[in-house]
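Enquirer: Structure incoming, see below.
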Amino acid sequence: MNLSKRALVVIIPVLLVSYCVAALSVYSLLENTTKRLEQSRLDLAATELAASFNQYSTFGENYLLTLVGKPAFRRMIGEHENVYHHVALGSSIEATIRSFKQHQSNKLSFAVVEMKPKEKELYYFELSDDPFAVMSEAQKQTYRDMFSAKSPSGWSLIEDKHGKAEIVISGIIDRTTYRRPIRTLLNDGIAVQFSIEPSNYLVLKQKIEDNYQAIVTTGGAAPKKIAGLHASQRLGKDLAVHIAVPPSYLDGRLAATRVLLFIISLLFFIFSSLLLYRLINRYITAPIKALEVELGSVQTDNKSNINLRHSGQGEVGRLESTFHKIYGELSRSYLKTKELAEHDPLTKLHNLTYVSELVQERLIEARKNDGNIALIYIDLDNFKLVNDKYGHEVGDALLKAFAARLNNVIRQVDLVCGINPADTTLGRIAGDEFAVIISHFEDKDVPSRIAQRVLSIFDKGFVFEQGTFPVSASIGISLYPEDGHTLSQLLSNADHAMYQAKNSGKNKISFYSKELALKLRRRMDIERELSVIDFDDEFHLVYMPLVCSKSNQIDGFEVLLRWTSAKLGFVGPDEFIPIAEANGMFVNIDAWVSEAAIKSYKVLKQRLGRDFRLSINLSSAQLNMNLVAVGLNSLAEQYQVPTQNIQLEMTETLNVEYSKQADALLNVLCDSGFKIAIDDFGTGYTALLQLVEYPAHMIKFDKEFVDKAMHPQNRSMLEPLVSLCQSQGLEVTVEGVETEEGVNYLRSIGCDYLQGYYFGLPAKIDDLDLVSPGKHYKTAKAGLAQPQ
Amino acid sequence: MKLVVTLMLVCLCDFALADTLTILNWEDYLSEKTISTWEKRSGHQVAQVYFDNDEDRDNVLVTHKEQVIDIAIIDEVASNIFGQKGSLLPISSYTNAPNISSVDSSLQQICGKNSVPYLWGTFGIAYRKDKIPVPPSSWNFLLQPNDNVKGHIGLMDDFTDTLAPALMQMNKSINTELRSDLKQAFDMIKAILPDVLTFEYGITFVNADKRRNELYAALAYSGDQFSLNEKMGKDVWAFTTVQEGTIFWVDCLAVMADSPRKDIALDFINYLYSSQVAAENSEAVRVATPIDAAKALQSQEFRDDEAIYPPVHILSKSQQYEVLSPGNILLRNRITSSLIKLHES
Chain V
196 MNLSKRALVV
206 IIPVLLVSYC
216 VAALSVYSLL
226 ENTTKRLEQS
236 RLDLAATELA
246 ASFNQYSTFG
256 ENYLLTLVGK
266 PAFRRMIGEH
276 ENVYHHVALG
286 SSIEATIRSF
296 KQHQSNKLSF
306 AVVEMKPKEK
316 ELYYFELSDD
326 PFAVMSEAQK
336 QTYRDMFSAK
346 SPSGWSLIED
356 KHGKAEIVIS
366 GIIDRTTYRR
376 PIRTLLNDGI
386 AVQFSIEPSN
396 YLVLKQKIED
406 NYQAIVTTGG
416 AAPKKIAGLH
426 ASQRLGKDLA
436 VHIAVPPSYL
446 DGRLAATRVL
456 LFIISLLFFI
466 FSSLLLYRLI
476 NRYITAPIKA
486 LEVELGSVQT
496 DNKSNINLRH
506 SGQGEVGRLE
516 STFHKIYGEL
526 SRSYLKTKEL
536 AEHDPLTKLH
546 NLTYVSELVQ
556 ERLIEARKND
566 GNIALIYIDL
576 DNFKLVNDKY
586 GHEVGDALLK
596 AFAARLNNVI
606 RQVDLVCGIN
616 PADTTLGRIA
626 GDEFAVIISH
636 FEDKDVPSRI
646 AQRVLSIFDK
656 GFVFEQGTFP
666 VSASIGISLY
676 PEDGHTLSQL
686 LSNADHAMYQ
696 AKNSGKNKIS
706 FYSKELALKL
716 RRRMDIEREL
726 SVIDFDDEFH
736 LVYMPLVCSK
746 SNQIDGFEVL
756 LRWTSAKLGF
766 VGPDEFIPIA
776 EANGMFVNID
786 AWVSEAAIKS
796 YKVLKQRLGR
806 DFRLSINLSS
816 AQLNMNLVAV
826 GLNSLAEQYQ
836 VPTQNIQLEM
846 TETLNVEYSK
856 QADALLNVLC
866 DSGFKIAIDD
876 FGTGYTALLQ
886 LVEYPAHMIK
896 FDKEFVDKAM
906 HPQNRSMLEP
916 LVSLCQSQGL
926 EVTVEGVETE
936 EGVNYLRSIG
946 CDYLQGYYFG
956 LPAKIDDLDL
966 VSPGKHYKTA
976 KAGLAQPQ
Chain Y
500 MKLVVTLMLV
510 CLCDFALADT
520 LTILNWEDYL
530 SEKTISTWEK
540 RSGHQVAQVY
550 FDNDEDRDNV
560 LVTHKEQVID
570 IAIIDEVASN
580 IFGQKGSLLP
590 ISSYTNAPNI
600 SSVDSSLQQI
610 CGKNSVPYLW
620 GTFGIAYRKD
630 KIPVPPSSWN
640 FLLQPNDNVK
650 GHIGLMDDFT
660 DTLAPALMQM
670 NKSINTELRS
680 DLKQAFDMIK
690 AILPDVLTFE
700 YGITFVNADK
710 RRNELYAALA
720 YSGDQFSLNE
730 KMGKDVWAFT
740 TVQEGTIFWV
750 DCLAVMADSP
760 RKDIALDFIN
770 YLYSSQVAAE
780 NSEAVRVATP
790 IDAAKALQSQ
800 EFRDDEAIYP
810 PVHILSKSQQ
820 YEVLSPGNIL
830 LRNRITSSLI
840 KLHES
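Written out as structure tokens, the structure reads:
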């Protein structure tokens, strides 16, 4: 709930309750006052009513007296038969009444009645709207009552159910004296009655009844008290008028008040609510809201921080400045973290995360706009060597220096090639791996030009303040859309291209290509197969005879590994052995080869008919010569092959330089009785020291070397070379002998053993022709076409 | 009040040497010339006490101080009643007034034995010729008035004459005892009360009331039109009887039994009833004379005036006043009182 609403939620109940309480108090006060007021009014009305009544009754009493004293009356009584007296009295009464304007009455009557000898109306005069009316029974009853009660005078109120009433003033007089008779002669007297309708009183009564919805009654005692207002007034000795107002009247009056009060309260409530609401909004909520908006705008409008408006005054101001501080710190912290997250701390180039995201973005853009992206993957060659030899400090310094130089180079190229600096991004992907991402380049040459410039950094090795180092770069380049559509595709393809560059000699640029892909795929397949296959299923050994040049007899066999992969078909050893060696699988392969070869000695011996030298190739990049020795020893023992019949060929291409360690390990093997042969002599880096120091028994001249050496202009080198080796106690075997001429020559210069297709292709045991070497040359030649 | 004062003056006049003959009479009902001529002749004075209402007159007769009224002009009914009471001098005792025998005998019968017919006439409507171009022909002219007459009607305060138009219109007797008839008549008049201007006698009203010009039509006795015109100063009033009938009234002249000046009275009467004097007096007050011989002496124009001497067919449709019972009188009194009271409220 926002502040404004909250303010309302607070204001409304409070005000509501307050006004309710106030209204109720006022109402209760008003109620009391109204009650009292109405009572007063009612009392007044009753008084008025009684007064009006009394006017009539008083008048009536007086006038009766007057009438009785009138000569006209006496004449009427005296000469009763004379109708003129009747008429005259009537006229007289009429005239008199007319002059009494105040006592407006709708009906007046004057009656004279005698009771003795019998009840007889002597005179009846009525002044009313109905000339035909006669004296009412009720009126007659009054004089009868008077007579029977023996009261000589009195008055009473006669009311009928139509709301009409008369005040009847009666008296008994003696017909002779016209005065009150003595009590005992009352019945002999005549009754005189003057009745007057108290018209004003009746009108007033009706008004009261209408105004107050009251019931007005006359009577002796006040009626039972019921709810509502009451007023009573005496009308005479025995009579009183009672006004009873039902509670509904007061309720009605109060209802009007209630409604009014309610409306006023409501209006006030609404008004003050609104006012309060607006004021709170204006002075309390608004600043907070403004702050909220300001805070929001930092996000949406990308402002660096909020504007300070309140100069730290009050809660809002302090809130503002606190936020400002916090946000500022957070911002800085965030930016720092971002920087850390996106950059490599050492080189200050972007890191892999950033580069990946960038490439994603660029890809999306390029997809939309059909643009180009080039991913240049730079791997520093020999960096590990530097790190190992000179320490991490130097290594780090080197990286830093390279990064800086890379940056410069890229900037230069951007300028030259007219590329927007924003379109090239540098990153350090891993330890010694860097990437350059280029987008929006028109010229397809641009990536290779950049790569060239990068390579040029390493023209003479890498030179920086710490020195010169033999570090170069292998660069792989992959392009969008040609080489991939996703980040992972481009990355992996660039990586493969880079690897290709590395594999083909380092310090070069390689573009990713499909052949590369195939190559790499093949490599991967081989790797995979090698790691999963059961060697027994797919490996087999082939043997190549070693022929003694003097005796022309087979003195030994070189064991060669052949692999027929179920998935890949025949995979040449040139292909899979380097891969196996690179992946460290050679240990297993060597072990298998060793076992299988040693195991087959017996069979071969049986076929040959005599002992021979079994020559097994071993990778000299073995780390643990001891294990190899132990293994070989146990195998020889297991298959009962004398160790001196087993020769281990060490390919010297893997030896970069003479090491004491290698020397020691070879000695171990020698001590066990194994023969050692140095393989591929002539094409590698065999140091003369190795020649001297290694405990080898044989040296095998490489085919390629021999081919080149056999050229007439080079031939002369061979003989001294053979002599040299033999001088060191090494038996010289020449590989790659294919011609008879070659055989003859090599024989002539003193080679000890000959090996080559001339003597037969490498074949399985069963396929070996062991009888006459050389005879198979033709066959062999013919068989050259097919791989075995 | 007027009467009381007049009576008191008359009493004072008692102390004059020459006798004053006090005549209780309607206004303008005795020719000034006749009076003055007799006064010269007799050496006595004549004083008139006026009334404008039978009731009032009767009241006076009943209540007056003795020996104050000598001659009274009364109606035939009062003549009978008061005659019976012995208030009046019987005509058989009219010594030295032989001229009274010249009166038409049928009219004499009406007055009875205690008075002589004085003048006679009819009862109808007096109307303003200038306001009402067509003479009223029916009592309905008053009982169901047109808009131009509403508010300009004058009725009377008389227990017979007030109800007479209604009763005649209903073809009833003006003297009816029947409460039902009276009630009907009462209701009829009650209905038109809002249209009634006054209950005062026309001549008195025109004489005294500011609203005299508002009165266009009023109940009147024949001859009243002349007084009306005189009072108004212009000849605008006319009189007519109506088709439902009229009342044939006779005013009688009576001598009060207790009058101390009987001889002077009789002398005056005899003078008055001589043909010539009677003719002049009658013509002067514009009311018909009961003396044929006198009539013969009157002007042709006067004798031909049908308003004064109505033709036979009108007379045949006329009613006469009768003595009413006391109860009837009282009731009628109440009726008229009620009407007046209602009118005033």
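Going down the list, the sequences are from chains V and Y.
The first sequence begins at 196 in our numbering and counts up one residue at a time.
The second sequence begins at 500 in our numbering and counts up one residue at a time.
C-beta: ideal position from N, C-alpha, C; glycine also.
1. Roughly how far, in whole angstroms, is the beta-carbon of F640 of chain Y from the beta-carbon of A716 of chain Y, given that I think they are within contact range, below 8 Å?
2. Whole angstroms are fine: how far does the CA of N497 of chain V sit from the CA of A536 of chain V?
3. Taking the alpha carbon of N772 of chain V as the reference point, which residue from V:K800, V:D576, V:F734 has its own alpha carbon closest?
4. My guess is that F658 of chain Y and R831 of chain Y are in contact by the Cβ rule of under 8 Å, so how many angstroms apart are they, rounded?
5. Looking only at its chain, what residues have a beta carbon closer than 6 Å to the beta carbon of Q234 of chain V, apart from the 5 residues adjacent to it on each side?
6. In terms of residues, what are the limits of the beta strand (DSSP E) holding A571 of chain Y?
7. Please state whether the Cβ-Cβ distance between V887 of chain V and Q833 of chain V is less than 9 Å.
8. Measure from the C-beta of E699 of chain Y to each C-beta in chain V and report whether the shortest distance is under 9 Å.
9. Under 8 Å between beta-carbons, which chain Y residues line up against D324 of chain V? List them in chain order, please.
10. Any idea if N615 of chain V is buried or exposed, counting beta-carbon neighbours within 10 angstroms, 16 or more meaning buried?
11. Taking Cβ to Cβ, would you say K703 of chain V is nearer than 9 Å to D574 of chain V?
12. If you measure from the beta carbon of F685 of chain Y to each beta carbon in chain V, is any gap under 9 Å?
13. Which chain V residues sit within Cβ distance under 9 Å of D557 of chain Y?
14. Just the chain V side, please: which residues come within less than 7 Å of K682 of chain Y by C-beta, in chain order?
15. Strictly below 7 Å CB to CB, what residues from chain Y border E309 of chain V?
16. So, at 6 Å on beta carbons, what are the nonlocal neighbours of Q724 of chain Y in its own chain, with the 5 sequence-adjacent residues on each side left out?
17. If we call anything under 9 Å between Cβ atoms a contact, is I691 of chain Y one with L642 of chain Y?
18. So the alpha helix (DSSP H) G276 of chain V belongs to, where does it begin and stop?
19. On the premise that S287 of chain V lies in contact with N301 of chain V, defined as a C-beta separation below 8 Å, what is that separation, rounded to the nearest angstrom?
20. Please list the terminal residues of the continuous alpha helix (DSSP H) segment that includes S795 of chain V.
21. Just to make sure I have the definition right: I need the residues of chain V whose C-beta is within less than 9 Å of the C-beta of I763 of chain Y. Which are they?
22. Can you give the Cα-Cα distance for Y318 of chain V and V308 of chain V, rounded to whole angstroms?
23. Distance check for F518 of chain V and R504 of chain V, CA to CA, integer angstroms please.
24. Just how far apart, CA to CA, sit V263 of chain V and Y373 of chain V?
25. If we cut at 9 Å on Cβ distances, does N613 of chain Y have a partner in chain V?
26. How far does the beta strand (DSSP E) with T536 of chain Y in it reach, from first residue to last?
27. Put Y834 of chain V into one of helix, strand or coil per three-state DSSP.
28. Quick check on Y820 of chain Y: does DSSP put it in helix, strand or coil?
29. Please compile the residues from chain Y whose C-beta is within a distance smaller than 9 Å of the C-beta of S286 of chain V.
30. With a threshold of 9 Å between beta-carbons, can E233 of chain V be considered close to chain Y, or not?
31. Buried or exposed: I873 of chain V, going by 16 or more other Cβ atoms within 10 Å of its Cβ?
32. In the DSSP assignment, the beta strand (DSSP E) including V648 of chain Y goes from what residue to what residue?
33. T495 of chain V: buried (16+ other C-beta within 10 angstroms of its C-beta) or exposed?
34. For K895 of chain V, list the residues DSSP reports as bridge partners.
35. Using the DSSP secondary-structure output, state which residues sit across from G622 of chain V in a beta bridge.
36. Any idea what DSSP makes of D993 of chain V, helix, strand or coil?
Expert: Inspection of the coordinates gives the following:
1. Taking the first residue of the second sequence as position 1, residue 640 of chain Y is located at position 141. Taking the first residue of the second sequence as position 1, residue 716 of chain Y is located at position 217. Yes, F640 of chain Y and A716 of chain Y are in contact; Cβ-Cβ is about 7 Å, under 8 Å.
2. Your numbering for residue 536 of chain V matches position 341 in the first sequence. Your numbering for residue 497 of chain V matches position 302 in the first sequence. When rounded, the distance between both Cα atoms is 21 Å.
3. Along the first sequence, read from residue 1 onward, the residue named residue 772 of chain V stands at position 577. The question names Asn, but residue 772 of chain V is Ile in the sequence shown. Checked all of V:K800, V:D576, V:F734; the closest Cα to I772 of chain V is V:F734.
4. Within the second sequence, the letter at position 159 stands for residue 658 of chain Y. Within the second sequence, the letter at position 332 stands for residue 831 of chain Y. Going by Cβ atoms, the distance from F658 of chain Y to R831 of chain Y rounds to 4 Å, so yes, they are a contact pair.
5. Within the first sequence, residue 234 of chain V is the residue found at index 39, counting from 1. L424, listed in sequence order.
6. As a first step, residue 571 of chain Y is located in the second sequence; it is residue number 72 there, counting from the start. It spans 570-574 - the beta strand (DSSP E) in which A571 of chain Y sits, taken as one unbroken run.
7. Here residue 887 of chain V corresponds to residue number 692 of the first sequence, with the count starting at 1. Here residue 833 of chain V corresponds to residue number 638 of the first sequence, with the count starting at 1. Contact flag unset, no.
8. Residue 699 of chain Y sits at position 200 when you count from the first residue of the second sequence. No, no contact with chain V.
9. Here residue 324 of chain V refers to the residue found at position 129 of the first sequence. Result: S837, K840, L841.
10. Position 420 of the first sequence, counting from 1, holds the residue named residue 615 of chain V. Flag for N615 of chain V reads exposed.
11. Here residue 703 of chain V is taken as the residue at index 508 of the first sequence, counted from 1. Here residue 574 of chain V is taken as the residue at index 379 of the first sequence, counted from 1. No, they are not a contact pair.
12. Taking the first residue of the second sequence as 1, we reach residue 685 of chain Y at position 186. When Cβ-Cβ separations below 9 Å define contact, F685 of chain Y makes contact with chain V.
13. Stepping through the second sequence from its first residue, residue 557 of chain Y is reached at position 58. Residues of chain V passing the Cβ test: Y279, V282, A283.
14. Taking the first residue of the second sequence as position 1, residue 682 of chain Y is located at position 183. F327, listed in chain order.
15. Along the first sequence, one-based indexing puts residue 309 of chain V at 114. At a beta-carbon threshold of 7 Å, none of the residues of chain Y lie near E309 of chain V; the nearest stands roughly 17 Å away.
16. Position 225 of the second sequence, counted from the first residue, corresponds to residue 724 of chain Y. Hits under 6 Å: A625, W736, A737, F738.
17. By one-based count along the second sequence, residue 691 of chain Y stands at place 192. By one-based count along the second sequence, residue 642 of chain Y stands at place 143. Their beta carbons are under 9 Å apart, which means I691 of chain Y touches L642 of chain Y by this criterion.
18. Taking the first residue of the first sequence as 1, we reach residue 276 of chain V at position 81. Gly is not the amino acid found at residue 276 of chain V; the sequence shown has Glu there. From DSSP, E276 of chain V is part of no alpha helix (DSSP H); its letter is neither H nor E.
19. Taking the first sequence and counting its residues from 1, the one referred to as residue 301 of chain V is at position 106. Taking the first sequence and counting its residues from 1, the one referred to as residue 287 of chain V is at position 92. Not quite, the Cβ-Cβ distance comes to about 20 Å (not below 8 Å), so this is no contact.
20. Taking the first residue of the first sequence as 1, we reach residue 795 of chain V at position 600. Looking at the DSSP string, the run of the alpha helix (DSSP H) that includes S795 of chain V is 781-803.
21. In the second sequence, counting from the first residue as 1, residue 763 of chain Y sits at position 264. Neighbours of I763 of chain Y on chain V: none; closest Cβ ~27 Å, over 9 Å.
22. Taking the first sequence and counting its residues from 1, one reaches residue 318 of chain V at position 123. Taking the first sequence and counting its residues from 1, one reaches residue 308 of chain V at position 113. So the alpha carbons of these two residues sit roughly 7 Å apart.
23. Against the first sequence, residue 504 of chain V aligns to sequence position 309. Against the first sequence, residue 518 of chain V aligns to sequence position 323. In a straight line, the C-alpha of R504 of chain V is about 12 Å away from that of F518 of chain V.
24. Along the first sequence, read from residue 1 onward, the residue named residue 263 of chain V stands at position 68. Along the first sequence, read from residue 1 onward, the residue named residue 373 of chain V stands at position 178. When rounded, the distance between both Cα atoms is 7 Å.
25. Residue numbering aside, residue 613 of chain Y sits at position 114 when the second sequence is read from its first letter. Chain V contact via Cβ: absent.
26. Residue numbering aside, residue 536 of chain Y sits at position 37 when the second sequence is read from its first letter. No beta strand (DSSP E) holds T536 of chain Y; the alpha helix (DSSP H) holding it covers 531-541.
27. Indexing the first sequence from 1 puts residue 834 of chain V at position 639. In this structure, Y834 of chain V counts as coil in the three-state DSSP scheme.
28. Here residue 820 of chain Y corresponds to residue number 321 of the second sequence, with the count starting at 1. Looking at Y820 of chain Y - three-state DSSP - the assignment turns out to be coil, as it is neither helix nor strand.
29. Counted from its first residue, the first sequence places residue 286 of chain V at position 91. Ordered by position in chain Y, the residues that pass the 9 Å Cβ test against S286 of chain V are E554, D555, N558, N832, S836.
30. In the first sequence, residue 233 of chain V corresponds to position 38, counting from 1. For E233 of chain V, the answer is no, since every Cβ of chain Y falls outside 9 Å of its Cβ.
31. Your numbering for residue 873 of chain V matches position 678 in the first sequence. With 16 or more Cβ atoms within 10 Å of its Cβ, I873 of chain V is classed as buried.
32. To locate residue 648 of chain Y, count along the second sequence from 1; it is residue 149. Careful: V648 of chain Y lies outside any beta strand (DSSP E) and carries neither H nor E.
33. As a working note, residue 495 of chain V is residue 300 in the first sequence. T495 of chain V should be labelled exposed.
34. Counted from its first residue, the first sequence places residue 895 of chain V at position 700. For K895 of chain V, which the question treats as bridged, DSSP gives the partners V:T928.
35. By 1-based counting over the first sequence, the position of residue 622 of chain V is 427. According to DSSP, which records beta bridges pairwise, G622 of chain V is partnered with V:H545, V:A630.
36. What is shown of chain V runs 196 to 983, which leaves residue 993 of chain V out entirely.
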